[in-house]
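Report on the following structure.
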Amino acid sequence: FAAGLITTLSNPKAILFYLSFFPAFLDLSNVAVSDAVLLYAIATFSVGGVMFGYAYIAYKAKSIYSNSKKARLLRASSGSMLIGSGIYVAVRG
């Protein structure tokens, strides 16, 4: 949990997003500390909720497919899609 939190909070894209997003909609000179804490909490729970949903879906998918005969087919097809996407990007660019 701590490693994920540190990774997320030190993500340069996220930092730049919030530094550019909030001033566009808020007058930062009028934002009190309590308002900043509330904004931080809302952003944390919003992003955290989405990430928790992703983690839960991945956990359920792993438990469904880990002991399945279809797991080999799933790994092969997902690997093929990743390789195909890489080739597409390389040829396109």
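According to this note's numbering, the sequence shown is numbered sequentially starting from 30. The beta-carbon is built from N, C-alpha and C at its ideal position, and this holds for glycine as well.
Ends of the alpha helix (DSSP H) at Gly-122?
First-last for Gly-122: undefined, no H or E at that position.
When the Cα atoms are used, what is the spatial distance from Ala-90 to Ser-58?
Rounded to the nearest angstrom, the two C-alpha atoms are 47 Å apart.
Is the separation between the beta-carbon of Leu-68 and that of Phe-51 shorter than 8 Å?
In this structure, Phe-51 lies closer than 8 Å to Leu-68 by Cβ.
Please report the distance separating the alpha-carbon of Ile-44 from that of Lys-98.
For Ile-44 and Lys-98, the distance between alpha carbons rounds to 43 Å.
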